[in-house]
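As given, the protein sequences belong to chains V and Y, one line each in that order.
Position 40 of the first sequence, counting from 1, maps to 40 under full-length UniProt numbering, and the rest follow consecutively.
Position 155 of the second sequence, counting from 1, maps to 155 under full-length UniProt numbering, and the rest follow consecutively.
Report on one structure; see the data block that follows.
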Amino acid sequence: MKVRELIYYFKKHKFLSLSIYFHLTLFFVILGTFVAFKGELEYESTSLQKIYEGKAIYQLLDGFYDGDKYAEFVSEPDYLVRLKSYYKQLNNTSDFNYLAMFNQFIYLKDKGLPEELIEGYEQGSKKNQVQVGDDIFTTVKSFQMNKQAMNYFGLQVENGRLWNDEDFKDNSVMPVLLGSSYQNLYKVGDETTINYYNKPLTVKIIGFLKENSKVYFNSNTEFYLNKYVILPYRDYGIPASKTDEVFQQASYFAVANGYLVTENNALQNKLMMQRVEAISKNTSFAGYSFIGLSPHFQKYRGLMTVVQENRTLIQSIFVSTFILNLIVIITILLLQQKRRLSSFAIHYINGATINRLIYMLWLEISTILLAAYLTNFLVLYEILKLGDMETQLLILVLCFAMSIIICILLARKLLSNSMTDYINIEGGV
Amino acid sequence: MLLELTGIKKSFKNGTRYENILEDLDFKVSKGDSIAIKGKSGCGKSTLLNILGGLISFEKGDMLFNGTNISNHNANEWAEYRKKNIAFVTQAFNLLDDRNVFDNIALPLQYSNMPKQQIKTKVEKVLHDLEIYHAMKRNVSTLSGGERQRVAIARAIVKEPSILLADEPTGSLDEETEKSILRIFDDLHDKGMTLIIVTHDDSVSSHCQHIYELQHKKLNYVNS
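Here it is in structure tokens:
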């Protein structure tokens with residue numbers, strides 16, 4: 001009987017119900033979009049603030065760009081120990097952040113890699129492949145970083161996990177993170193083989209970065225990692241072979257050319273330079289130089305201010321639109337249901353109880369609300385893939401709360417007035 | 001005695017103070033009676049009818065149905081009382097215009113959780129009896145006033161109530177249609193149904209066995 005009554009109701013009020021349904025759907029979609037947008041904006045703004053607010057950045061360069069100087073340095077017996085110590089001290093000092101990052105390509109075992117992942121794809125490069133035994137390896141984009149860089153840029157995983165301290169130790173299997181474009185090729189826990197600085201390595205996928213994860217790199221303020229295999233800059237022990245030594249040499253020279261981040265004031269800058277000088281002397285690793293990259297940071301500070309101002313503006317506009325819409329929707333539903341009271345009176349004199357009428361009322365209201373919610377879910381979550389389950393749950397709660405509020409307001413009317421007040425109105429609606 | 005009211009008092013709030021509509025009212029109804037209640041507008045006729053139908057409560061007095069005091073019924077018990085024993089016919093017909101004639105008449109039976117087939121049989125019979133079978137599938141909004149009142153009566157009697165309460169049942173009908181509706185009431189009375197009709201129309205009250213007048217908040221027996 002309840003279903004039949006619902007059908008009667010919607011047949012009779014089809015145009016009004018449809019327009020309320022569309023209005024509600026639009027309302028939920030806009031709400032969902034805003035919550036998703038707000039989350040993204042907050043994430044962007046917070047991470048931007050964390051990264052750029054009041055900070056100065058410098059790139060540290062080793063002085064071995066001259067081939068002869070380099071050859072001379074690597075011919076020294078303890079050069080690798082000094083190089084390692086140099087990096088270790090830079091990485092461990094509390095006077096500044098040391099972000100070791102580089103985008104050295106790697107060879108990855110190719111099981112049908114899409115072109116977009118290969119090194120130099122954007123510049124028109126074709127697949128560069130080598131065959132090792134039965135396997136074909138292709139050069140793919142890869143990015144290496146230390147734990148400080150991962151933390152500093154606030155990288156997050158879509159699934160799996162980020163690196164922990166253990167992952168930076170010299171274990172037989174290297175734990176790697178993958179950019180979001182790799183989602184369809186691998187899953188967390190998969191192992192494969194790479195060749196990195198001529199060293200074959202077994203790697204294990206421990207997580208996938210969130211889509212559009214980015215870092216500041218190479219003067220690029222938005223260096224996206226979606227198409228990259230991200231390797232940790234690990235600490236290595238004594239090289240086991242000459243090949244291993246060459247591998248470590250390349251790896252440690254890369255980390256020695258990292259980025260230094262300090263608070264943007266003269267004292268901190270001076271402290272930073274003094275600390276680098278001390279580490280250099282301490283490890284006999286001379287010939288470093290700095291490149292100040294602060295203009296990029298200045299640019300971002302300006303951008304952040306704009307973002308924050310816009311955020312406040314958008315939030316204010318949304319909140320007022322949200323409240324206005326909510327009032328309009330509740331009022332329309334209330335007015336429509338108020339007109340139903342004479343119909344409820346007819347049901348009442350023919351055997352319905354007040355509780356049953358309130359239940360019918362709630363059913364009518366919540367059916368439209370639920371239909372609108374489901375459409376919003378389909379559009380936002382399934383088709384546009386905007387927002388997360390939490391946002392959808394929030395909208396569902398709002399939807400439920402709206403049905404309860406409207407129902408309570410009308411139920412109060414049904415309970416406080418006599419049903420006979422609504423009898424004798426012709427043609428119950 | 002089918003229904004007995006003793007010492008009934010009912011008041012309504014008028015602004016800041018309460019105004020008595022019925023006071024120390026007594027009323028007895030035997031099974032098969034046909035009773036007309038007359039009175040001026042606003043004297044409390046409809047209020048009395050609503051009390052008899054269990055639609056509104058009263059402050060004082062007792063109401064006995066088949067010898068049982070039902071004055072202190074709760075909302076669910078009153079709903080049950082209405083569902084089993086009472087049917088209403090009103091001046092405004094009170095039909096649901098979102099459905100056809102059949103479904104309007106079937107409404108009280110649906111609230112009794114009667115099986116579909118039984119509902120169909122009962123509704124079709126009453127449609128035959130009231131000569132509106134031809135309109136069974138029509139939406140009530142397309143019917144004439146007389147047809148609508150027939151549908152309202154059909155809906156009232158389909159559940160075979162103990163008492164049929166009618167509030168100005170011919171108030172919005174023309175003379176010809178009024179006569180045909182009164183004939184239906186006569187037939188129902190002849191078949192043993194208890195009728196209580198609120199009216200200010202002498203031509204309607206003249207069809208009833210007993211006539212009461214509501215005056216000075218009490219019922220006065222006029223004649224039989």
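Just so you know, even glycine gets a beta-carbon here, dropped at the ideal spot from N, CA and C.
Here the structure is a predicted model, which means the values were calculated and not measured.
Can you give the beta carbon distance from residue i to residue j, rounded, assuming they're within the 8 Å contact cut?
i: V132 (chain V); j: L117 (chain V); result: Actually they do not touch by this definition, with Cβ atoms about 19 Å apart.
i: E115 (chain V); j: Y121 (chain V); result: 6 Å
i: G237 (chain V); j: G207 (chain V); result: 26 Å between Cβ atoms; not a contact.
i: V151 (chain Y); j: I132 (chain Y); result: 6 Å
i: Y252 (chain V); j: K69 (chain V); result: Y252 (chain V) to K69 (chain V), Cβ: 16 Å. No contact.
i: Y259 (chain V); j: V276 (chain V); result: The Cβ separation is near 12 Å, so there is no contact.
i: Y86 (chain V); j: I279 (chain V); result: 6 Å
i: L357 (chain V); j: H347 (chain V); result: 6 Å
i: A36 (chain V); j: T375 (chain V); result: That belief does not hold up - the Cβ atoms of A36 (chain V) and T375 (chain V) are roughly 17 Å apart, past 8 Å.
i: L178 (chain V); j: I205 (chain V); result: 6 Å
i: I329 (chain V); j: F27 (chain V); result: 6 Å
i: E211 (chain V); j: E166 (chain V); result: No, E211 (chain V) and E166 (chain V) are not in contact; Cβ-Cβ is about 27 Å, not under 8 Å.
i: I354 (chain V); j: L414 (chain V); result: 6 Å
Taking the CB atoms as reference points, tell me whether residue i and residue j lie closer together than 8 Å.
i: F290 (chain V); j: D235 (chain V); result: no
i: A286 (chain V); j: G67 (chain V); result: no
i: V215 (chain V); j: A256 (chain V); result: no
i: V29 (chain Y); j: T194 (chain Y); result: yes
i: L2 (chain Y); j: K31 (chain Y); result: yes
i: L6 (chain V); j: E364 (chain V); result: yes
i: F65 (chain Y); j: K9 (chain Y); result: no
i: N20 (chain Y); j: S11 (chain Y); result: yes
i: V229 (chain V); j: N198 (chain V); result: no
i: I163 (chain Y); j: I196 (chain Y); result: yes
i: L22 (chain Y); j: L165 (chain Y); result: no
i: D97 (chain Y); j: V126 (chain Y); result: no
i: A372 (chain V); j: Y21 (chain V); result: yes
i: I56 (chain Y); j: S416 (chain V); result: no
i: N146 (chain V); j: Y233 (chain V); result: yes
i: G42 (chain Y); j: I86 (chain Y); result: no
i: T202 (chain V); j: S172 (chain V); result: yes
i: K60 (chain Y); j: G146 (chain Y); result: no
i: T199 (chain Y); j: K38 (chain Y); result: yes
i: V123 (chain Y); j: A106 (chain Y); result: yes
i: Q149 (chain Y); j: L173 (chain Y); result: yes
i: I100 (chain Y); j: R138 (chain Y); result: According to the sequence shown, residue 100 (chain Y) is Asn rather than Ile. A contact, by the Cβ cut-off of 8 Å.
i: L231 (chain V); j: M174 (chain V); result: yes
Buried or exposed: residue i, going by 16 or more other Cβ atoms within 10 Å of its Cβ?
i: Y422 (chain V); result: buried
i: G428 (chain V); result: Note that G428 (chain V) has pLDDT 36, beneath the 50 cutoff, so the model's placement of it is unreliable and no number is given.
i: T121 (chain Y); result: exposed
i: V81 (chain V); result: exposed
i: M63 (chain Y); result: buried
i: L219 (chain Y); result: buried
i: R412 (chain V); result: exposed
i: T90 (chain Y); result: buried
i: Q144 (chain V); result: buried
i: L267 (chain V); result: exposed
i: I119 (chain Y); result: buried
i: Y383 (chain V); result: Checking the sequence shown, residue 383 (chain V) turns out to be Ile, not Tyr. Exposed is the call here.
i: V3 (chain V); result: exposed
i: E222 (chain V); result: exposed
i: S342 (chain V); result: buried
i: Q315 (chain V); result: exposed
i: R340 (chain V); result: buried
i: R183 (chain Y); result: exposed
i: P200 (chain V); result: exposed
To which residues does DSSP link residue i through a beta bridge?
i: R17 (chain Y); result: Y:N14
i: F290 (chain V); result: V:L60
i: E76 (chain V); result: Beta-bridge pairing links E76 (chain V) to no other residue.
i: H160 (chain V); result: Checking the sequence, you will find Gly at residue 160 (chain V) rather than His. According to DSSP, which records beta bridges pairwise, G160 (chain V) is partnered with V:G207.
i: L25 (chain Y); result: Y:I8
i: L393 (chain V); result: In the DSSP output, where bridge partners are listed per residue, L393 (chain V) has none listed.
i: L83 (chain V); result: Answer is none; L83 (chain V) lacks a bridge partner.
(message) Just to confirm the assignment: which complete alpha helix (DSSP H) runs, minimum length 4, are found wholly within the stretch 76-118 of chain Y?
(response) 101-111
(message) Which complete beta strand (DSSP E) runs does the stretch 191-268 of chain V hold, if anything under 3 residues is left out?
(response) 191-196, 199-209, 214-217, 220-224, 229-232, 259-263
(request) Starting from the N-terminal side, write out each stretch of the beta strand (DSSP E) that is 3 residues or longer and does not extend beyond the stretch 179-223 of chain Y. (result) 194-198, 210-215, 218-223
(request) Run through the stretch 291-376 of chain V for me and flag every whole alpha helix (DSSP H) of 4 or more residues, listed as ranges in chain order. (result) 294-338, 341-349, 354-376
(request) Give, in chain order, every unbroken run of the beta strand (DSSP E) that is at least 3 residues long and sits entirely within the stretch 104-159 of chain V. (result) 106-109, 129-132, 135-140, 142-145
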